[in-house]
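In the UniProt record's numbering, the protein residues as written are 1 to 265.
Backbone N, C-alpha and C fix where the C-beta goes; we use that ideal spot for every residue, glycine too.
As the structure is a prediction and not an experimental result, all values here were calculated from the model.
Step one of this worksheet: look at the structure below.
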Amino acid sequence: MGDSIDNYSGGIAIGMCGKNCVALAADNRYGLRYQFASSNFHKVFQLNEHCLVGGCGVYADVQTVFEQIKYDANLYKLREGRPIGPSQLVNATAHLLFSKRFNPYYMSPIIIGFDDNGKTYCSSYDYIGAPGDYRFAAVGTGCNEAMGVCDSFYKEDMEPEELVETIGQCLLAGENRDAFSGWGVELPINLLENAQGKTIVLELKNGNKYTGTLEKCDRMMNLHVKDSVLIQPDGKKFKVAKIIVKGMAVRCFAVDGELLKKSDK
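Next comes the structure, spelled out in C-alpha cells:
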C-alpha cells in the first residue's frame, strides 16, 4: 500500500451512466490508513435534481471541495435563475481544482447528472482538475480493482434496475479487494421524468417490497409512490395510498411490467 497520500483515508466511488438514468455509488468507511473510525461516512451528495457529486481522498479536503462546489452551484442559481447543469458544474469544478494546483486538494471528485435534453454526464478529475468525460468512472484506493470489473460488466443504455445491479457489484468487487475501503455501499439513484407515472417495484433492504405508480424522485433521492401495495417477507400484502421511500433504503427497483409479475409471484 505504501505511504502515499492517496492511501491516507482510502475509499472508493464509482459513477455510471445508463439509459435515462445515472448512478453514483461509494463505500461508507471512514478511517486513517488501517485505523477505523466510522462506518457511516457519506461520500455522495446531491446538488439538485440534475447533478450528483461524489469523491474520495483526505476527508478534510473532501468536505472542503464539496462545500465549495455547493457554494458555486448556489451562486450560479442566484445569478442565472436556474439550477446549474452538469456541463457547467464540470467546468466550475475543474476551475476550482486547477486554481489550487500549487497546493492542491488531495481528493478526486466524480460528477454525474443529466441535462434538460436527457444527455447523461460522468466526469472524474485528478488533483489539479483535469476532467475526463466517461460513461463510467472510479476514484479512490480501490479504483484499480473496480475499473477492471466495470470494464467487463458495463453496457451502453442499461435500464435502471440493471445499472443498479452492475454498479453495486462493481463497487463490492473493488472494496472487497482493498483494505482501505468497505463497510457497505451508498447508492442513490437519479431517475428522469419519463419514469414518472409508470409502475415501479421497490425492494427494500429490510426485505419489504412495494409496487405502485411512481409520482416523482425528489431532490433528496426519495421515491414518491402512490396506489402502492406493501408485500412483506412473510407474503402478507397491504394497500398503501401513498408512501415516500428513502433512496438509501432501496436495495433494487424495476420499472418493467415483466419484472413486476415476477415480484408478485
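In chain order, what residues of the same chain have a beta carbon less than 6 angstroms from the beta carbon of residue i, not counting five sequence neighbours either side?
i, result
"glutamate 215", "His224, Lys226"
"isoleucine 244", "Asn222, His224"
"alanine 92", "Asp72"
"isoleucine 5", "Tyr106"
"leucine 89", "Cys51, Ile111"
"phenylalanine 45", "Val53, Phe66"
"lysine 237", "Val229, Ile231"
"leucine 24", "Gly15, Val44, Leu52, Gly54, Ile112"
In the structure shown, what three-state DSSP assignment does residue i receive?
i, result
"serine 227", "Reading the sequence as shown, one finds aspartate at residue 227 and not serine. The answer is strand: DSSP assigns aspartate 227 an E or B state."
"residue 269", "What the structure shows of the chain is the stretch from 1 to 265, and residue 269 is not part of that stretch, so it cannot be assessed."
"tyrosine 30", "strand"
"glutamine 35", "strand"
"proline 131", "strand"
"asparagine 222", "strand"
"lysine 100", "coil"
"glycine 81", "coil"
"lysine 246", "strand"
"glutamate 215", "strand"
"threonine 166", "helix"
"aspartate 157", "coil"
"lysine 262", "In this prediction, lysine 262 scores a pLDDT of 37, lower than 50, which makes its location untrustworthy; the coordinate-derived value is nonetheless stated afterwards. Helix at lysine 262."
"phenylalanine 41", "coil"
"glycine 10", "coil"
"aspartate 178", "coil"
"threonine 141", "coil"
"glutamine 68", "helix"
"glutamine 196", "coil"
Would you kindly work out how many angstroms separate the C-alpha atoms of residue i and residue j, rounded to a whole number?
i, j, result
"glycine 197", "aspartate 178", "41 angstroms"
"proline 104", "aspartate 126", "10 angstroms"
"leucine 96", "glycine 129", "7 angstroms"
"arginine 82", "alanine 94", "21 angstroms"
"threonine 211", "glycine 10", "38 angstroms"
"threonine 213", "phenylalanine 102", "52 angstroms"
"alanine 13", "serine 152", "17 angstroms"
"threonine 120", "tyrosine 30", "30 angstroms"
"leucine 171", "leucine 47", "22 angstroms"
"serine 87", "glutamate 80", "15 angstroms"
"glutamate 145", "glycine 174", "5 angstroms"
"tyrosine 134", "cysteine 143", "14 angstroms"
"valine 229", "glycine 207", "14 angstroms"
"valine 149", "proline 160", "19 angstroms"
"glycine 15", "alanine 138", "6 angstroms"
"isoleucine 200", "lysine 155", "22 angstroms"
"serine 99", "alanine 254", "43 angstroms"
Within the same chain, show all residues whose beta-carbon is closer than 7 angstroms to that of residue i, passing over the 5 residues directly before and after it, in chain order.
i, result
"methionine 107", "Gly55, Cys56, Gly57, Val58, Asp61, Val62, Val65"
"arginine 219", "Residue placement at arginine 219 is poorly supported in this model, since its pLDDT is 48, which falls under 50; the coordinates are not used for a value here."
"lysine 239", "Val229"
Only counting the same chain, and skipping five residues up and downstream in sequence, which positions put a Cβ closer than 8 angstroms to that of residue i?
i, result
"aspartate 157", "Gly18, Lys19"
"glycine 132", "Ser123, Ser124, Tyr125"
"leucine 192", "Bear in mind that a pLDDT of 47 at leucine 192, under 50, signals an unreliable position, so the number given afterwards is only what the model happens to contain. Excluding positions up to five away in sequence, the list reads Asn20, Cys21, Phe114, Gly118."
"glycine 85", "His50, Cys51, Gly113, Asp115, Asp116"
So what does residue i bridge to, in DSSP terms?
i, result
"alanine 254", "Val201"
"threonine 120", "Phe114"
"tyrosine 125", "Pro131"
"tyrosine 210", "Leu202, Leu230"
"leucine 52", "Gln46, Ile112"
"methionine 16", "Ala23, Phe136"
"methionine 107", "Gly57"
"phenylalanine 238", "Leu230"
Can you say whether residue i is buried or exposed, counting buried as having 16 or more other CB atoms within 10 angstroms of its CB?
i, result
"asparagine 28", "buried"
"glutamine 35", "exposed"
"proline 233", "exposed"
"alanine 241", "exposed"
"alanine 249", "exposed"
"phenylalanine 136", "buried"
"proline 235", "Reading off the sequence shown, one finds glycine at residue 235, where the question assumed proline. Under this definition glycine 235 is an exposed residue."
"lysine 209", "buried"
"leucine 32", "exposed"
"alanine 26", "buried"
Could you check if residue i belongs to the surroundings of the ligand ATP, using beta carbon to heavy atom distance under 8 angstroms?
i, result
"lysine 70", "The ligand ATP is not part of the structure shown, which contains no ligands of any sort."
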